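One structure is given here, and the rest of the page talks about it.
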Amino acid sequence: MNVTLAVKQYISKMIESSGPGMKVLLMDKETTSIVSVVYTQSEILQKEVYLFERIDSQNRDNMKHLKAICFLRPTKENVEHLIQELRRPKYSVYFIYFSNVISKSEIKVLAEADEQEVVAEVQEFYGDFIAVNPHLFSLNIQGVSRGRSWEPSVLPRVTQGLTSVLLALKKCPMIRYQLSSDMSKRLAESVKQIITKEYELFDFRKTEVPPLLLILDRSDDAITPLLNQWTYQAMVHELLGLNNNRIDLSRVPGISKDLREVVLSAENDEFYANNLYLNFGEIGTNIKNLMEDFQKKKPKDQQKLESISDMKAFVDNYPQFKKMSGTVSKHVTVVGELSRLVSERQLMEVSEVEQELACQSDHSNAQQSLRRLLQNPRLSEIDAVRLVMLYALRYEKHSSSILPSLMEELNRKGVSERHRKMVQSMVEYGGKRVRGSDLIAPTDAVAITKQFFKGLKGVENVYTQHQPLLHDTLDQLIKGRLKDSQFPYLGPSSLRDRPQDIIVFIIGGATYEEAFTVYNLNRTMPGVRIILGGTAIHNTKSFLEEVTLAVGSGGDRTQGRGRPQSRR
Amino acid sequence: MASIYAPSLEDSAEVKEGFLCPLCLKDLQSFYQLQGHYEEEHSGDNRHVSGQLKSLVQKAKKAKDKLLKRDGDERTDGGYESFYYGGVDPYMWEPQELGATRSHLDSFKKQRAARIDHYVIEVNKCIIRLEKLTSFDRTSMDGAQIRSLEKSVVSWVNDQDVPFCPDCGGKFNIRNRRHHCRLCGSIMCRKCTEFLPLPMAYKLTSGSREALWAPGQTGSPGPVTQQTLRRGSITSISSVTSVLEEKDEDRVRCCHHCMDALLRYQRKLEEKDHVPDIVKLYERLRTCMEKVEAKAPEYTRMAESLNAGETAFSLENAAGLRMEIQKYYELIDVLSKKILTLGLKDELQPHPKALQLQRMVRYTATLFIQEKLLGLTSLPTKEKHEELKEKRREELEKRAQQERQTGLEAQKRRLENEKNRPALSTNGDVPAPRMTKAAGWLPQSDTLHTRSELDDPLLQQINNIESFLRQARSANRSDEVAMLEENLRQLQDEFDAQQTSRAIRLSQRLAEETDLQQSQIQHLQQRELEHRTHTTTSSDLGDTSQRREDEEDERSSGSTHLSGNSPPPPDTHTPARNPFEELEEKPTNSQTANGKKQYNPFEDEDDEEEEDTGNAKSPRNPFEEDCEDGNPFREVSAESPAASNNPFDDEEDEDDTIEEELLLQQIDNIRAYIFDAKLSGRSDEVELLSENLKELQRTLHEQKRKK
């Protein structure tokens, strides 16, 4: 149930079975991301893979002394490229791995192209997803929906991605989906269809309790991706943008050359692995400790290196020191930039109001603080918009809604029309009419008392009160209380026992806050393993784009792009 | 009962092994002791598995982090889920098998085979025909002759059957004439004709690469340039006839299908035999890396053991191995550098991708060296090693003593048990396997106490059992006898093992000491040879006796050196005699007590030495004479400690050289780092490093000057 490991194992198996010798890895755009998320360059270099090439790259020389490992998605274009490659092979041997099911006819075409007998292996290795964390995968697809239904070209890709996860983990699950979302149902059926069609592939060792695939729709919880985040990973994504575990820091003022783009991978960065889910305050302390540790290890001055033993110690420590210095400078830069953004955009204040809107139900209080904050001239455009969106979602049907006057306020603030329109789009996307579950007002008595107790206890951290809806859904699922009426099973059979292995997939994208929730559930729930996936991993910005694409007010998007964003 | 194992859990920090009680983790010396202990301490309480699990869980809580990893497996047992507070960090999820895969290779191969067979046959046909076509001398024949020969190789397609050129579709007429491919006999127009130059034909047919053209030519396949294209030219009849008459003297006309097939075949041939330089270098690089990977763990083991003061490996061997590994590192460095600069000096720069490949190989090699070389633990110097050895020996002795003591205690307890057991067995309470229902019979174990205390508990035990045995025999209890005999045998085995191990330890120490003395004696001998004050016989005699005395001295742990440190007093014999007596007493004592012969390292030597001392008693005593001389011995005495220290001195010299090597190696390392840092453009680091480099070089110079 570890998606990172699954992909890693596939890739190392590919490399191993090609035997010794210099190798080149031939990939397409997507598989490049898939590989680069789980392996660092130096790791893969140790396996004698020295070159990484795109199959569609024209600038490749004949290198007959190299073995080629092709890891490709089974798309038409790739097959075509491969045919060309095999007709005029540039490398001595080809080991071909497709990341998903490939048709017999395409195999035939390829076989006919291989006149020089350079192909030594043709296999399907189902690594057709981006393994972000061991329990989190993404398909990196934006704009999955058109209105309330699938963008036609996307559904097959999402189906492929999701089935490849199942195959990589060797799970043949029962499927539950969110009834209120037609897209969920379509995807569930589509996955089921593949499982039925490729029944031989899905013939795994039966476990006592069959695994469960739960398909959800983002529109059920549009609030979570709108909130500012305070755990390290989520915060980095929200404020700087994590793309395949990489951050682009080139826009940070005064950044040094080798920190333009940094990799944050828990696999190779111990500090990151340990701090991924800690909040901003804790990270500050840890960074300080890291620095101190580093200062200790750092060779003080040349004077200190007088004796040979000093030098010996220096040399002995050097690689470690170097590695550490890389880690230190990276995290110091990232955290520094985060705190700069936090103070510049006054995110503490913003977050407080956001959390109040999301978690409390006191309308008058909420609208007061919201109005006050909107008066603040330093409030950035995107923050203003997201606050109003939160209000619009939260108090959509409230009798004394002040939404019109808030919109007015936005207009006065000079918020672009594109952004103002998005408020309406957001309500359309995730408003009450759409939602299947009770995102906001818990109706059953238990939930209300819970809320009540929460209120009594006082909240320990104002900025992290919010629990995503996913937490409740999964909690109920694990306890066997998730209603069949809301989340029906596909097909006649249903699970009797408590589920053990759960794969949750969110159409329209997951968030790192939800990943954190799932991580915590995994850690606290005995006997349960949960994996979260989404068509993408969203931050507010990408989520707004997703919504815009979905609702279809895409016409004025280009116009909005032209305006300088207040974010930076 | 919990109190019994709870505290022992607290201090179970160190790893214990051997005969551990599963419940309280007490270390017991032997199986019997363990059994005894278990019956005594734990037989009463009906402790079921959950108790043990509880203790496990307690431990798990203590070492939570470590055990988290295992938890996944444990949880599937489902037994004590309740003890565990929660789930597992996804980062700790247990390893999983490789995901699903599906191979298409079979169907791929099947599809390909059909195609390839066809292709291979075509090529082979072409080659065979080509061979025939080139087997005759073209220059000495006229066109018609050649043509008939060519026709005999492959039947030409009938002209009438082909009105249009099958390749370009041009209509054949008087101007656009038909041509035949000499390899397949098909027809094409002039434009679509290709020519296979004869040298290439020879090369293809000979199959041997030696007959190839000069390397410069290989790149450009000749036929294209040689092809005469008179496209669209309206030619006169004469020119037509000239074309007709055209003799393909140095080339073979063929269609471009055949040409393609042959060209491809040729390329394949070339590639098969051609090994680029980078591959050769790379292969050597890999073998070096593999060697390092094979040897480094061995070395690390050695170094660790030496650093711990163990004597399982010799320091010299380890140093040798270290040198060997370092050699490989150098080789890796050199080879990868060579790969990096491959082709850079050529006029035609290699393809950027090739350069990238070279850079990557070099980078990997650097990474490899950095990671592995710096992981090499350094060896202790010889002095340090001696120290470590000494320390370890002390520790071992201490532990051995401790063990012996605990063993003794346990033994005593067991003895008491043994004593009580027969009495108990009448009740059937203790189903002791070695005692059958021995109603009324009791071995008189009282004798045990009357006997003098033996130093070894095992010996005591053996004696006890022997007496039991005797009694049992006299009582005619054959089953008992068998049991006891078995018991006795086991005990004796164990005793033997203990004795041999002790003997080995002793002899090891002895060997070390004699080594030391040998060097001293050698030194003395040298001295003596120099001075030549005595007759050879007497000096020999003196020497041997001296050595004997030396050894005696060492063994009796007397601190005064008779020969070296002080001039021996005239009546050397009496003190020399003493140690023997001492020595003799002890072993005989234990021997008689054992009642059986045991291996004694001293014994044989004792006898010999006695004889030797007899010799030493001979009236002509070399010591006295030496004494008279006085002076030389004084010198000796002044120098002898130095002499005895000689090996250490040697080492110190060696150490210096090692240090120098280290320095050089470090300089190399730092250079590599500088290179690395420069590459990635960290100028501040470069500065720091070059400063260090200078420093190192200076120290190196100084050291050289000192010499």
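Sequence order for the protein chains is A and B.
Be aware that the first sequence starts at 1, since it is given in UniProt numbering, and climbs by one per residue.
Be aware that the second sequence starts at 1, since it is given in UniProt numbering, and climbs by one per residue.
Every residue, glycine too, gets a C-beta built ideally from N, C-alpha and C.
Everything numeric in this text was worked out from a predicted model, so none of it was measured.
Which residues DSSP lists as bridging residue i, in chain order
{"i": "residue 126 of chain A", "result": "DSSP output for residue 126 of chain A lists no bridge partner at all."}
{"i": "residue 538 of chain A", "result": "A:511"}
{"i": "residue 379 of chain A", "result": "DSSP, once it has assigned bridges, lists no residue as partnering residue 379 of chain A."}
{"i": "residue 179 of chain B", "result": "B:188"}
{"i": "residue 533 of chain A", "result": "A:137, A:505"}
{"i": "residue 569 of chain A", "result": "Only positions 1 to 568 of chain A appear in the structure, and residue 569 of chain A is not among them; the question remains open."}
{"i": "residue 279 of chain A", "result": "A:231"}
{"i": "residue 53 of chain A", "result": "A:26"}
{"i": "residue 361 of chain A", "result": "BP columns for residue 361 of chain A are empty, so no partner."}
{"i": "residue 93 of chain A", "result": "A:67"}
{"i": "residue 489 of chain A", "result": "A:176"}
{"i": "residue 98 of chain A", "result": "A:72, A:124"}
Residue i in three-state terms, based on DSSP
{"i": "residue 701 of chain B", "result": "helix"}
{"i": "residue 23 of chain A", "result": "strand"}
{"i": "residue 286 of chain B", "result": "helix"}
{"i": "residue 101 of chain B", "result": "strand"}
{"i": "residue 12 of chain A", "result": "helix"}
{"i": "residue 322 of chain B", "result": "helix"}
{"i": "residue 193 of chain B", "result": "strand"}
{"i": "residue 525 of chain A", "result": "coil"}
{"i": "residue 131 of chain A", "result": "strand"}
{"i": "residue 171 of chain B", "result": "strand"}
{"i": "residue 120 of chain A", "result": "strand"}
{"i": "residue 340 of chain A", "result": "helix"}
{"i": "residue 690 of chain B", "result": "helix"}
{"i": "residue 255 of chain A", "result": "coil"}
{"i": "residue 675 of chain B", "result": "helix"}
Beta strand (DSSP E) segment containing residue i, residue limits
{"i": "residue 594 of chain A", "result": "No answer is possible for residue 594 of chain A: it lies beyond the span of chain A, which begins at 1 and ends at 568."}
{"i": "residue 254 of chain B", "result": "251–255"}
{"i": "residue 64 of chain A", "result": "63–72"}
{"i": "residue 215 of chain A", "result": "212–217"}
Pairwise C-alpha distance: residue j and residue i
{"i": "residue 276 of chain B", "j": "residue 283 of chain B", "result": "11 Å"}
{"i": "residue 341 of chain A", "j": "residue 347 of chain A", "result": "8 Å"}
{"i": "residue 90 of chain B", "j": "residue 425 of chain A", "result": "36 Å"}
{"i": "residue 348 of chain B", "j": "residue 65 of chain A", "result": "19 Å"}
{"i": "residue 7 of chain A", "j": "residue 267 of chain A", "result": "13 Å"}
{"i": "residue 674 of chain B", "j": "residue 325 of chain A", "result": "16 Å"}
{"i": "residue 708 of chain B", "j": "residue 186 of chain B", "result": "This structure cannot settle anything about residue 708 of chain B, because the visible part of chain B is limited to 1 through 707."}
{"i": "residue 252 of chain A", "j": "residue 330 of chain A", "result": "13 Å"}
{"i": "residue 545 of chain A", "j": "residue 381 of chain A", "result": "15 Å"}
{"i": "residue 175 of chain A", "j": "residue 197 of chain A", "result": "16 Å"}
{"i": "residue 369 of chain A", "j": "residue 230 of chain A", "result": "21 Å"}
{"i": "residue 247 of chain A", "j": "residue 217 of chain A", "result": "27 Å"}
Bounding residues of the alpha helix (DSSP H) (the contiguous stretch that carries residue i)
{"i": "residue 235 of chain A", "result": "232–239"}
{"i": "residue 157 of chain A", "result": "154–168"}
{"i": "residue 344 of chain B", "result": "Residue 344 of chain B -> no alpha helix (DSSP H), and no H or E assigned at all."}
{"i": "residue 105 of chain A", "result": "104–113"}
{"i": "residue 478 of chain A", "result": "469–478"}
Chain C within 9 Å of residue i, Cβ atoms only
{"i": "residue 275 of chain A", "result": "Here chain C cannot be found, since the structure's protein chains are A and B."}
Exercise. Looking at chain A, which residues of the region 87–105 of chain B have a Cβ within less than 8 Å of any of its Cβ atoms?
Worked result: Sequence-ordered contacts of the region 87–105 of chain B with chain A read 87, 88, 89, 90, 91, 93, 95, 96, 97, 98, 99, 100, 101, 102, 103, 104, 105 [C-beta pairs closer than 8 Å].
For this session: Would you list, in chain order, the members of the region 348–365 of chain B that have their beta-carbon closer than 8 Å to a beta-carbon of chain A?
Result: Per Cβ criterion, the list reads 351, 352, 353, 354, 356, 357, 360, 361, 363, 364.
For this session: Could you list the residues in the region 317–348 of chain B with a C-beta less than 7 Å from some C-beta on chain A, going in chain order?
Result: For the region 317–348 of chain B, which is checked against every Cβ of chain A, not one residue is closer than 7 Å.
Problem set entry | Short-range partners of chain B found in the region 325–351 of chain A, where Cβ spacing is below 8 Å | Residues of the region 325–351 of chain A whose Cβ lies closer than 8 Å to any Cβ of chain B: none.
Exercise. Which residues, taken in chain order from the region 159–175 of chain A, show a beta carbon closer than 7 Å to some beta carbon of chain B?
Worked result: Within the region 159–175 of chain A, the qualifying residues are 167, 168, 169, 170.
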